[in-house]
Amino acid sequence: MTRSFLCLLPAVVLAASLACPVRAAAEDAKAPVKCLWAGMAAHKDPTVEDALRDIKEHYPTVEITVTEDINDLKIENLKKYDVLALLQIKAEGGNPPDEVKQGIVEFLKGGGGLFVSHFAVANVQEWRDSIDIYGAMWVSGKSTHDAYHQFRVDVADEGHPIVEGVKPFVTNDELYFNLLMRPDMHVIMTADQERFGHTVQEPILMTHYFHNARCVYFALGHDIASTQAPEYRKIIVQSIEWAACRR
Numbered sequence: 213m214t215r216s217f218l219c220l221l222p223a224v225v226l227a228a229s230l231a232c233p234v235r236a237a238a239e240d241a242k243a244p245v246k247c248l249w250a251g252m253a254a255h256k257d258p259t260v261e262d263a264l265r266d267i268k269e270h271y272p273t274v275e276i277t278v279t280e281d282i283n284d285l286k287i288e289n290l291k292k293y294d295v296l297a298l299l300q301i302k303a304e305g306g307n308p309p310d311e312v313k314q315g316i317v318e319f320l321k322g323g324g325g326l327f328v329s330h331f332a333v334a335n336v337q338e339w340r341d342s343i344d345i346y347g348a349m350w351v352s353g354k355s356t357h358d359a360y361h362q363f364r365v366d367v368a369d370e371g372h373p374i375v376e377g378v379k380p381f382v383t384n385d386e387l388y389f390n391l392l393m394r395p396d397m398h399v400i401m402t403a404d405q406e407r408f409g410h411t412v413q414e415p416i417l418m419t420h421y422f423h424n425a426r427c428v429y430f431a432l433g434h435d436i437a438s439t440q441a442p443e444y445r446k447i448i449v450q451s452i453e454w455a456a457c458r459r
């Protein structure tokens, strides 16, 4: 096992000219991106209320609807939105119902985008296909993090549209490592971690494609303090826009 994420190989960066789904291309670019956000708590306590309130007040380019109802992740409801954002799916035994899994897959195949944050990758460990969809998975007994602490987040790909106008910033959070990851994840932001006398750059913000759907995994967001940095909120908005092919 490496000191970094499991199975993390050099990212295969897809060409910038890769066409977005026809549905997204046909959208009115001036209309806000419609995003369904599932889960308000990264673990048990509400986490993103302040961040989502701030986004609603200051970022008119996105329109976020929050749900805690797993049934809203069925395709009949998902097709009303451009992007699905997942912080936590309340799935019994870590395995969502088949209708929910099928709904997410169908939504992405049909041109929807995906934004996945922090704990979501640990929330559905019994759904084996989630690694291909989310891009990462927490593996009990292998994946871990250091104690909650302050660290700096750096930009690895300054030219990526998600981090336009985003500078390195300091946050308080859990720094995940040894996640199981798709080998083609494109790393956009990292954070340094000291491991037994050497420094490892741990991936923090990554992208990949599921079919032609644009997908983002953002590893930050443990608690309220973790969501306070303005950069954190900007990254969420610009990730949603990118997933919707607006960037």
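Taking the working numbering, I'd label the letters of the sequence shown as residues 213 to 459. Ideal Cβ placement from N, Cα and C applies to all residues, glycine included. These numbers come from a predicted model, not from an experiment.
Simplified DSSP state of Pro442, which is helix, strand or coil:
Note: Pro442 maps to helix in three-state DSSP.
Within its chain, find whatever has a CB closer than 8 Å to the CB of Ala403; leave out the 5 residues flanking it on each side and keep chain order.
Phe363, Arg364, Val365, Asp366, Leu387, Gln413, Glu414, Ile416.
Is the number of C-beta pairs between the stretch 317–337 and the stretch 298–309 that are closer than 8 Å three or more?
Short answer: they touch.
Closer than 6 Å by C-beta to Arg235: which residues in its own chain qualify, once you throw out the five before and the five after it? Chain order, please.
Residue placement at Arg235 is flagged as unreliable, the pLDDT there being 48, under the threshold of 50; the coordinate-derived value follows with that caveat. Take Arg235, set aside five residues on each side of it, and the residues of its chain with a beta-carbon closer than 6 Å to its own are Gly323, in chain order.
Roughly how many angstroms lie between the CA atoms of Gln450 and Val375, to the nearest whole one?
Rounded to whole angstroms, the gap between the alpha carbons of Gln450 and Val375 is 7 Å.
Determine the DSSP secondary structure at Tyr346, reduced to helix, strand or coil.
In the structure shown, Tyr346 sits in a helix (DSSP, three-state: H, G or I).
Mind checking who Asp366 pairs with in its DSSP beta bridge?
In DSSP, Asp366 forms a bridge with Thr402.
Consult DSSP for Ser355 and reduce its assignment to one of helix, strand or coil.
Here Ser355 sits in coil by DSSP.
Is the stretch 415–435 touching the stretch 242–251, taking contact as three or more C-beta pairs under 8 Å?
No, the stretch 415–435 does not touch the stretch 242–251.
CA-to-CA distance, Ser355 to Met393, given in whole angstroms
If I take the Cα positions, the gap works out to 11 Å.
How do the stretch 437–456 and the stretch 254–274 stand: do at least 3 beta-carbon pairs fall below 8 Å, yes or no?
Yes, the stretch 437–456 touches the stretch 254–274.
Please work out which residues of its chain come closer than 6 Å, Cβ to Cβ, to Lys321, disregarding the five sequence neighbours upstream and downstream, and give them in chain order.
Closer than 6 Å at the Cβ level, and outside the excluded window around Lys321, lie His423.
Tell me the rounded alpha-carbon separation between Ala303 and Ile400.
One alpha carbon belongs to Ala303, the other to Ile400, and they sit about 29 Å apart.
Given this structure, state the Cα-to-Cα distance separating Gln337 from Tyr346, to the nearest angstrom.
Between Gln337 and Tyr346, the C-alpha separation is close to 11 Å.
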